[in-house]
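J.: Numbering (the working numbering), first residue to last: 41 to 628.
1) Around the C-beta of residue 422, are 16 or more other C-beta atoms found within 10 angstroms, so that it is buried, or is it exposed?
2) Taking only three categories from DSSP, how would you classify residue 254?
3) Starting from residue 480, follow its DSSP beta bridges and name the residues at the other end.
4) What does the Cβ neighbour count give for residue 390, buried or exposed, with the cut at 16 atoms within 10 Å?
5) With respect to the beta strand (DSSP E) encompassing residue 307, which residues constitute its N-terminal and C-terminal limits?
6) Taking the alpha carbon of residue 313 as the point to measure from, which residue in 302, 371, 199, 379 has its own alpha carbon closest?
7) So, does the stretch 106-126 touch the stretch 187-205, judging by three or more C-beta pairs under 8 Å?
8) Taking the alpha-carbon of residue 383 as reference, which of 368, 358, 506 has the nearest alpha-carbon?
9) Going residue by residue through the stretch 319-365, where are the continuous alpha helix (DSSP H) segments of at least 4 residues, counting only ones entirely within it?
10) Considering only residues of the same chain and omitting the five flanking positions on each side of residue 485, which have a CB-CB separation below 7 Å?
11) Could you tell me the alpha carbon to alpha carbon distance between residue 100 and residue 106, rounded to whole angstroms?
12) Within 10 Å of its beta-carbon, does residue 557 have 16 or more other beta-carbons around it, so buried, or fewer, so exposed?
13) Identify the residues that DSSP records as bridge partners of residue 381: which are they?
14) For residue 285, which option in 371, 256, 119, 309 has the closest C-alpha, if you only look at C-alpha atoms?
15) Helix, strand or coil, according to DSSP, for residue 371 in the structure here?
16) Tell me which residue opens and which closes the beta strand (DSSP E) that residue 558 is part of.
17) From what residue to what residue does the alpha helix (DSSP H) around residue 181 run?
18) Look up residue 580 in the DSSP assignment and say whether it is helix, strand or coil.
19) Taking buried to mean at least 16 other C-beta atoms within 10 Å of its own C-beta, is residue 622 buried or exposed?
20) When you compare each of 86, 217, 98 to residue 163 by their alpha carbons, which one comes out closest?
21) Mind checking residue 635: buried by the 16 CB within 10 Å criterion, or exposed?
22) Going straight from the alpha carbon of residue 211 to that of residue 270, what length do you get?
23) By DSSP, does residue 192 sit in helix, in strand, or in coil?
24) Does the separation of the CB atoms of residue 496 and residue 546 fall below 7 Å?
25) Do residue 619 and residue 563 have their C-beta atoms within less than 7 Å of each other?
26) Is DSSP giving residue 112 helix, strand or coil here?
27) Under three-state DSSP, which class holds residue 166?
28) If we ignore side chains and look at the alpha-carbon of each, how far apart do residue 115 and residue 168 end up?
29) Counting along the chain, where does the beta strand (DSSP E) carrying residue 549 start and finish?
30) Between which two residues does the alpha helix (DSSP H) carrying residue 156 extend?
31) Which same chain residues end up closer than 8 Å to residue 479 when comparing Cβ atoms and leaving out the 5 residues on each side of it in sequence?
32) For the stretch 345-353 against the stretch 273-284, do three or more pairs of beta-carbon atoms, one drawn from each stretch, fall closer than 8 Å, so that the two count as touching?
33) Under a three-way DSSP split, which group does residue 242 fall into?
34) What do you reckon, are the CB atoms on residue 603 and residue 528 nearer than 7 Å?
35) Leaving out five residues before and five after residue 185 in sequence, what residues of the same chain have Cβ atoms less than 6 Å from its Cβ?
36) Using the three-state DSSP reduction, which class does residue 226 fall into: helix, strand or coil?
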């Protein structure tokens with residue numbers, strides 16, 4: 041910043057300018073006053089000299105003698121002319137008067153002479169004469185004073201050069217005093233302006249630091265006047281600004297933390313549709329849309345067309361709008377509302393909720409009802425049909441009646457198993473499963489399960505065996521529940537393995553107990569593998585179960601393993617075989 045644009049420079053120049061103006065006016069007035077004063081003083085002295093000469097001329101009878109005496113009253117700067125009776129002249133011309141070469145008739149005109157002699161009036165004149173070579177204006181000017189007496193008049197002439205010299209000296213002193221006053225004023229004004237503006241400059245420095253975020257900086261209170269009070273008020277303002285900035289920062293951080301921790305996506309839009317704020321779920325949604333449309337997420341800032349259309353409706357109707365968007369296999373519920381700045385709409389806020397699970401659960405619920413209805417429809421129809429046959433005595437013999445009764449009994453057992461499985465699964469998914477954890481001898485436990493399926497395996501010509509590759513003799517788990525899991529897995533393996541195939545149960549150690557159930561059956565397709573543990577899920581016809589199954593075995597098995605804090609996995613290839621793996625962690 042230039043010095044002349046600073047407060048110090050402006051205040052300094054203002055004071056100096058005012059002093060110079062005041063001194064200039066005062067100097068002009070003093071010079072005018074001194075000049076008029078000296079002229080009036082000279083006129084008064086010449087008038088006194090003329091009056092003295094007139095008195096002498098009036099009081100002496102000897103006129104020539106009186107004239108000689110009167111003319112002797114003048115000094116070297118004054119010339120005296122005496123006119124008696126209009127004809128007699130006595131004069132004493134001094135070179136200092138500057139009119140030695142002029143006669144009275146050349147100095148006084150007839151009219152002026154008549155005015156004094158005849159009208160008996162005093163005259164006072166200033167005339168210029170060109171006889172001098174001095175270029176000073178006062179050297180060509182003469183003061184003439186005429187005083188009448190009884191029979192004549194006295195004229196006294198004096199050059200104004202003496203007055204000019206006096207005026208010069210006076211002017212010199214006045215200008216010297218003005219110069220000294222200007223110098224002193226300059227120094228004083230600079231000191232005063234620097235002194236006054238020092239607190240202001242400190243405030244400017246502190247204001248810059250406050251603008252840069254240093255709110256703890258304070259202005260020192262150097263005076264007790266208004267500037268000192270301003271410093272106190274500035275410090276109070278700084279504290280208030282710091283308080284409000286901290287409050288805003290805390291609110292911003294709190295809002296940012298809330299948005300970041302929200303499971304729902306949030307997008308804030310400006311009135312022109314540009315994105316202002318997003319949280320991580322919303323970022324994932326937008327990146328999925330950019331990826332699906334082949335856009336660069338770092339360069340693009342567009343919204344999906346469905347959200348843009350929703351934004352137009354919100355800004356037009358000022359009402360909340362709701363829609364659903366399917367993107368990358370996931371379903372998003374979109375709710376958009378207006379944002380207001382007092383009574384004016386300034387944008388909109390979009391809430392994105394991943395409702396894929398809800399939609400999938402809705403579908404599962406619908407599928408569950410359909411599957412249960414399907415599973416129950418066949419046995420109920422058979423029970424109804426065979427019971428009607430018994431009622432109508434259709435059976436012709438005791439053997440046929442027993443066969444009908446056996447079918448009714450088998451179907452009722454199947455319905456009972458289905459209902460029991462549904463109840464067990466419901467309790468497990470609700471977290472009401474209870475485990476009886478105990479140390480179980482592994483070899484007897486596995487041999488017991490294998491013996492249950494040896495008859496079925498031999499009947500289907502399937503080789504069933506187990507391998508016990510563990511060093512520990514026992515392991516802690518619920519034997520009844522794990523037996524239920526292995527029974528389901530081995531039963532499935534035998535059902536879907538053709539003759540001359542094999543089913544193996546391998547028990548090993550892997551950060552706990554690892555149980556593999558392998559078969560050389562038909563296998564499971566890749567698209568069906570992620571859903572094999574869902575209720576009533578039906579794979580291809582090669583994996584469909586016989587009439588005795590309920591379709592809930594694997595779902596129940598998964599819930600039992602989950603209750604043991606374990607993991608159940610499946611790996612399979614079509615026409616090669618399937619392996620189910622159960623991992624049970626070591627309990628403390």
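Every residue, glycine too, gets a C-beta built ideally from N, C-alpha and C.
T.: In terms of the structure at hand:
1) buried
2) coil
3) 515
4) buried
5) 305-310
6) 379
7) yes
8) 358
9) 320-332, 345-357
10) 519
11) 6 Å
12) buried
13) 384
14) 256
15) strand
16) 552-559
17) That residue, residue 181, is in no alpha helix (DSSP H); its beta strand (DSSP E) goes 181-188.
18) Since pLDDT at residue 580 reaches only 46, below the 50 mark, its modelled position is unreliable, and the value read off the structure follows with that caveat. Residue 580: coil per DSSP, three-state reduction.
19) buried
20) 86
21) A question about residue 635 goes unanswered here, because the residues of the chain that appear run from 41 up to 628.
22) 47 Å
23) strand
24) no
25) no
26) coil
27) strand
28) 21 Å
29) 542-549
30) 150-157
31) 514, 515, 516
32) no
33) helix
34) no
35) 86, 87, 90, 164, 196
36) helix
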